[in-house]
Each structure stands twice: as structure tokens, then as C-alpha cells.
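Using the working numbering, you'd call the opening residue of the sequence shown number 36 and step up by one each time.
Each residue gets a CB set at the ideal place from its N, CA and C atoms; glycine is no exception.
Worksheet for the structure shown next.
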Amino acid sequence: MARLVMVSNRVIDFNAAQQAGGVGVAIYNTLERQSGFWFGWDGRIDETDDPQPKSVSIGGYTTVTEPLTAADYNDYYLGYSNSVLWPVFHNRLDLAQFEAGYYARYVEVNARFAKHLAPLIEPDDVIWIHDYHLVPMALELRKLGIENPIGFFLHIPIGPAQALLAIPENKAIARALGAYDLIGVQTQTDVRNLIDFLQQSVYGRLLPSGRIRVDEAELDVGCFPVGIDPSDFAFGPGEEEALAAAENDNVHRIIGIDRLDYTKGLPQKFKAYGKFLEENPDYRRRIVLSQFAPPTRESVEAYADIKAELESLAGSINGRFGELDWIPINYIHRTIPRSELRDIYRTSRIGLVTPLKDGMNLVAKEYIASQDPVDPGVLILSKFAGAAEQLSDAVLVNPYDLGDLTQGLKQALEMPMAEKRARHEKLLKTVRESDADAWGRSFFAALVKAGQRRIGRPSKSSPAMGRALERLQGTAKKNTTDRMAANVGT
Ligand code: F6P
36 MARLVMVSNR VIDFNAAQQA GGVGVAIYNT LERQSGFWFG WDGRIDETDD
86 PQPKSVSIGG YTTVTEPLTA ADYNDYYLGY SNSVLWPVFH NRLDLAQFEA
136 GYYARYVEVN ARFAKHLAPL IEPDDVIWIH DYHLVPMALE LRKLGIENPI
186 GFFLHIPIGP AQALLAIPEN KAIARALGAY DLIGVQTQTD VRNLIDFLQQ
236 SVYGRLLPSG RIRVDEAELD VGCFPVGIDP SDFAFGPGEE EALAAAENDN
286 VHRIIGIDRL DYTKGLPQKF KAYGKFLEEN PDYRRRIVLS QFAPPTRESV
336 EAYADIKAEL ESLAGSINGR FGELDWIPIN YIHRTIPRSE LRDIYRTSRI
386 GLVTPLKDGM NLVAKEYIAS QDPVDPGVLI LSKFAGAAEQ LSDAVLVNPY
436 DLGDLTQGLK QALEMPMAEK RARHEKLLKT VRESDADAWG RSFFAALVKA
486 GQRRIGRPSK SSPAMGRALE RLQGTAKKNT TDRMAANVGT
């Protein structure tokens, strides 16, 4: 059977990690079912001159990881990845540090990762690379003679072409994308933006076959919305009763869980909540906003700014409306263990997920999966989260419009039970149908096909690959994700 080689910037040891982002969980869920290994950064900074990859088998999967030097960490991770590509792809050109000279080391780290990965690749392996840190990696692997199918999945959104064209190295980025066989993104809007960018940056052409030509290369682009494993959030017999008994029926909790990132719309969320309390005095003492905002990328200036702003907003709202026995905002600047998420979601009457821009946002899906179908909470979701394309039965809001946010809060708090149930039923169906399993299978199957198209060989020329494809085609679930995968390139 073809092995799956997953590559991402950060590799997570699930036996040790207290907390893991959506990307790590999605990769882990896929690798659990497929033989292969996970390659990338081990999260350490080490000054070793030529760091070598280390292979470790943990639980059911193998990781091959290496450290970064302090200079790599600064220029490749904090610099080009998180101070150029991250803000631009989220359409925040004002925060992009184009002049800092980070690009050379960004490419250098990708080339080093490729050099260390190439000797581990076997002829039938399928290589799946994740996220904006690693755009040049396929090109670097091709330079080393790797001919295997290589796919790229971007977990973050793709801003409008006009924003991406502002990157001084935009042509090199577009050509590096052209080295992949398949690029997967979260939404149809991202597909359109990516094609638009390739067309404008390097005269990419949309071919009648639906593929895109970039110089001499041809690739597929498709929408594969990432999902969760809903069983992680399911309740066993007896567990629900214990939790219900602990719930405070007098004060309804509104839950927010977001990394402390300027893309998450946290100041707008706090301001809207303050406005709601101002305009709806009846709700004072009856609701509390619990916002977890774990620290992230703190050495980047824009992240330090948002921290100060949020602390001041929480302080002023609590100071203005708080009472001796009621604090309106419970703001927690810490990570939250994954093992506690399910119970917190279940005991929160509203999930408030209002990013200004987000690739998918798996918190929205986790919130839905944790609810009691008989007495579900309500999801309020930003129109600008990738998840909104699928979860249209949530209360959709414009996070820039405080009036719309307060209106959404009121609608959610006053929603009749029958409507809550009907909305939740549809949302849960979507979350279940487009789960992590379906995402992994559909991307893998599309990547195998795309690889065969590039090499121009019939599927039978690689028996292992052919068998893997047949197996996937036979078992793939008939669901939304699969339907979208079938449209790859259209
Ligand atoms: O989803 C985007 C992403 O950069 C992921 O790649 C990553 O897992 C998550 O955000 C957390 O970011 P970081 O690895 O910078 O802590």
C-alpha cells in the first residue's frame, strides 16, 4: 500500500501535547488510518550547525523531526511565514513586513527540509505538505529528483489576488505553487482567489480540462473543507447527567476559544458584548462571556498589540458592568487542555466564533459536535470564517458590524427550542458528513489521481498506487467532501 508522508511546520506529539491546533489534529486523525510518517519541525530551537532529522515512533504513528536554529525561527517562522504570508493571506497588508529580508532563509529552511526528507521517500509514497510555511518545499523536492505525487493543503484563507500580488516575491511563490500536483483549499472563495492569483502573477492558464497551467507545469486545485472527528466530542452513558447537574441554569455561558491572534476579531467581540449589556440591562447577571485566548507568536509585534488592547477592553467592561457576585467577562489568557473542551462546549449555551477572516475554524465544528441534540446551544458564526460556507444554519454575523453582532446575540439567546433543534440537526449532519476522515480520504484520492495525470502514466503502472486508489474509491464516503473532490479542477 502507498505510504502517506505528511509534512507540516509543527509536528505534534499527541502523547505529550496538552493542546493542539486544528491542523495538527487533522493530520493526526489521517495518519492514524494510513501507514506513513509525519515530517517537520519538533518545536525546539537548537544551534546545531547541520541539524539532522530524528525518527520516533509514538503510539500508532512515526514522526521524523528536526529543530530550527534561532535565526531560522526568526526569519522563516516568525518572519516570512507569520509576518509576511500570514497577514497577506488574511488580507492585512498593513501588518506585512515586506522589507525585512526574511525570504532567503524561508527558502533555505524549505530546501533543508527537502534535503532531509528526500532520502526517506520510497517510489510509491504520496507526499502531502501542509500550510504556508512550506510553499517552496515541492519545488525543492523536485530539484532533488523526487517524482512522487506531491500535494499541498493550505489551512488558512487565500485573500484576494490583489493582496497576494503585493508580496515582492509573488512570482516565485506562484511558481513554487506550480510545482505541486494538487493544491487543496478550504472554500470555493479560496479556489477562485488562488486561480485569480496564479493567472495574474505568472499568467497561469485555466485549461479546458479544468487544470491550471503555470509555465510548463499543470496542477489541480480543489476545495476540501477540513473536518473534525465528531466521536472525540461524543458523550457516553451517564456522563451527560453528571454534567447537567453541574451546569448553572441561572447564568448562561457564552463560549469563545481562539488563539490570541488579530485575525480572530476579539476586540470586536468584546466591544459587541459590552454594547449588548448596555442596550439590554435585563441580561445583566444572566449571561457571562468566557473567552479563552491562548498566547501565540508573542514575539511578533502585532500580537503584543492585540494582547494589550484585549486586556484593557475586558477590564473596562468588567469595571463598568460587574457586580460583587457577577463578572461579565471571564477572560483567560491560557491554553485549554483538549480533554476539557467537550464539557466546556456542552455547558455553554452559545458558541461565539467571530473571526474577521479564518481558513475554516474547527472550534465552530467542535461546538456543534458537543451539543445535546435534545437541548442544543446556538452557534453564532462569522460570515468570514471558512466554516460559514458549510455551516449556513448557524446564526451568521458580520464581525465588523457591532450592531449585527449584538443582534446575533439577542437572536441566539431568545431562539425558540424548536428552531434550535432544527438548526442543530442540520449543522450536526454536515459536521458528521464532512469529518476529518472524509477530508483525508478525499484529498489523498485526488492527489493520487493528480500525480498520475502529471506523470502521464496509467494507474496500473504502479500496482501499489493503483491498489491504494481502488481501496479508497471503494470505501470513500458519499458526502459533501467527496462531491467537492470529484469537482477538483472545475
Ligand atoms: O492554521 C494555521 C496555523 O498556522 C497552523 O499551521 C498551526 O497549527 C496553527 O495555526 C498554530 O500556529 P503556530 O504553529 O504558529 O503556533
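Own chain, CB closer than 6 angstroms to residue i, minus 5 neighbours either side, in chain order
i: Phe-311; result: Thr-441 and Leu-444
i: Lys-304; result: Thr-389
i: Arg-320; result: Trp-361
C-alpha distance - residue i paired with residue j, whole-angstrom precision
i: Asn-285; j: Arg-294; result: 29 angstroms
i: Arg-246; j: Leu-254; result: 6 angstroms
i: Ile-208; j: Ser-477; result: 26 angstroms
i: Asp-81; j: His-151; result: 17 angstroms
i: Leu-387; j: Thr-100; result: 36 angstroms
i: Arg-79; j: Leu-376; result: 27 angstroms
i: Asn-145; j: Ser-405; result: 38 angstroms
i: Arg-458; j: Met-452; result: 10 angstroms
i: Trp-73; j: Lys-206; result: 29 angstroms
i: Val-413; j: Ala-447; result: 6 angstroms
i: Leu-431; j: Leu-463; result: 16 angstroms
i: Asp-48; j: Gly-94; result: 9 angstroms
i: Ser-417; j: Glu-314; result: 22 angstroms
i: Asp-85; j: Gln-487; result: 35 angstroms
i: Arg-38; j: Ser-244; result: 28 angstroms
i: Asn-433; j: Asp-439; result: 6 angstroms
i: Phe-133; j: Gly-291; result: 32 angstroms
i: Arg-467; j: Val-398; result: 14 angstroms
i: Ser-236; j: Val-226; result: 15 angstroms
i: Asn-522; j: Asp-231; result: At Asn-522 the pLDDT is 30, less than 50, meaning the model places this residue with poor confidence; the figure from the coordinates comes in the next sentence. Roughly 18 angstroms between the two C-alpha positions.
i: Gly-56; j: Arg-373; result: 10 angstroms
i: Leu-278; j: Ile-403; result: 17 angstroms
i: Phe-187; j: Val-58; result: 13 angstroms
i: Leu-199; j: Gln-69; result: 35 angstroms
i: Leu-345; j: Met-450; result: 29 angstroms
i: Gly-354; j: Asp-317; result: 18 angstroms
Coarse secondary structure for residue i, derived from DSSP in three states
i: Phe-72; result: strand
i: Met-450; result: coil
i: Pro-102; result: strand
i: Ile-193; result: coil
i: Ile-125; result: According to the sequence as given, residue 125 is His; it is not Ile. In this structure, His-125 counts as coil in the three-state DSSP scheme.
i: Gln-425; result: coil
i: Thr-370; result: coil
i: Arg-294; result: coil
i: Phe-259; result: coil
i: Thr-97; result: strand
i: Met-41; result: strand
i: Glu-157; result: coil
i: Gly-78; result: strand
i: Val-249; result: strand
i: Asp-48; result: coil
i: Lys-89; result: strand
i: Ala-131; result: coil
i: Ser-417; result: strand
i: Val-142; result: helix
i: Val-432; result: strand
Cut-off 8 angstroms between Cβ atoms - residues of its own chain near residue i, not counting five sequence neighbours on either side
i: Glu-333; result: Ala-339 and Lys-342
i: Ala-131; result: Ser-118, Val-119, Pro-122, Val-123, Ala-201 and Ile-202
i: Leu-504; result: For Leu-504, the predicted model reports a pLDDT of 45, less than 50, meaning its position is unreliable and no value from the coordinates is stated.
i: Trp-474; result: Ala-61, Thr-65, Phe-259, Pro-260, Val-261, Gly-262 and Thr-516
i: Ala-153; result: Leu-176, Leu-179, Gly-180 and Ile-181
i: Ala-125; result: Inspection of the sequence shows that residue 125 is occupied by His rather than by Ala. Around His-125: Ile-191, Pro-192, Gly-194, Thr-298, Leu-391 and Lys-392.
i: Val-323; result: Val-286, His-287, Arg-288, Ile-289, Trp-361, Ile-362, Pro-363, Ile-364 and Asn-365
i: Val-42; result: Trp-73, Phe-74, Gly-75, Phe-148, Leu-152, Ile-162, Trp-163, Ile-164, His-165, Leu-169 and Met-172
i: Leu-437; result: Gln-303, Lys-306, Ala-307 and Lys-310
Close beta carbons around residue i, own chain, < 7 angstroms, minus the five adjacent residues each side
i: Leu-174; result: Ala-211 and Ala-214
i: Ala-337; result: Leu-130 and Tyr-297
i: Glu-67; result: Gly-95 and Tyr-96
i: Asp-77; result: Val-46, Thr-100, Glu-101 and Pro-102
i: Glu-401; result: Ile-263, Phe-268, Leu-376 and Tyr-380
i: Pro-411; result: Lys-455, Arg-456 and His-459
Residue-chain proximity (residue i, chain C), Cβ-Cβ < 8 angstroms
i: Asp-85; result: No chain C is present in this structure, which holds just one protein chain.
Report yes or no: do the region 345 to 364 and the region 229 to 243 share at least 3 C-beta pairs separated by less than 8 angstroms?
no
Three CB pairs or more closer than 8 angstroms across the region 163 to 176 and the region 101 to 118
Two segments are said to touch when three or more pairs of C-beta atoms, one from each, lie closer than 8 angstroms; by this definition the region 163 to 176 touches the region 101 to 118.
The region 420 to 429 / the region 360 to 379 touching (three or more Cβ pairs under 8 angstroms):
no
Just list the alpha helix (DSSP H) runs in the region 175 to 242, keeping only unbroken ones of 4 residues or longer that don't cross its boundaries, in chain order.
The region 175 to 242 contains, as complete alpha helix (DSSP H) runs of 4+ residues, the segments 196 to 199, 205 to 212 and 223 to 237 (chain order).
My parser needs the beta strand (DSSP E) runs of 3 or more residues fully inside the region 271 to 345; what are they?
If only complete runs of 3 or more residues are kept, the region 271 to 345 shows the beta strand (DSSP E) at 287 to 292 and 322 to 327, in order along the chain.
Complete alpha helix (DSSP H) runs within the region 355 to 411 (minimum length 4 residues, chain order):
You should have 373 to 381 and 397 to 405.
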